[in-house]
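Asks: Could you have a look at this structure, given as structure tokens, before my questions?
In our numbering, the protein residues as written are 93 to 200.
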């Protein structure tokens, strides 16, 4: 709105508590974008991580995940040099494959 000054406050990211490691958003392809940074879960290509939906292999990129297989990938969204993890199933909707809903916990 032009000409109207709205009150604002500045808050530093470090002042906020950590969000639970959960599904933040499901995109149109059914990829499940999480609240987890790669370092939060110890993401490393070739490593398996125990999730709510079983053990899932870590991959660097979506194209590295074999067809029909689930994977935890380093997504494109994030903040500065931190990237959020995505739970995907190559070629199909991870959300439908696992019955995932927004806010489900990534690790239970």
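Ideal placement from N, C-alpha and C gives every residue a C-beta, glycine not left out.
From a predicted model like this one, the values you see are computed outputs, not experimental measurements.
#1: What residues are listed by DSSP as bridge partners for residue 139?
#2: If you measure between the beta carbons of residue 178 and residue 120, is that distance less than 8 Å?
#3: List the endpoints of the continuous beta strand (DSSP E) containing residue 68.
#4: Going by beta carbon distance, what residues of the same chain come within less than 8 Å of residue 156, once the five residues before and after it are set aside?
Replies: This is what the structure holds:
#1: In the chain shown, residue 139 corresponds to position 47, counting from 1. Answer by DSSP bridge pairing: none, since residue 139 is not bridged.
#2: In the chain shown, counting from the first residue as 1, residue 178 sits at position 86. In the chain shown, counting from the first residue as 1, residue 120 sits at position 28. In this structure, residue 178 sits away from residue 120, with a CB-CB distance that is not shorter than 8 Å.
#3: Past the boundaries of the shown model lies residue 68; the chain is included only from 93 to 200, so the question cannot be answered.
#4: Within the chain shown, residue 156 is the residue found at index 64, counting from 1. Taken in chain order, the residues that qualify are 137, 163 and 165.
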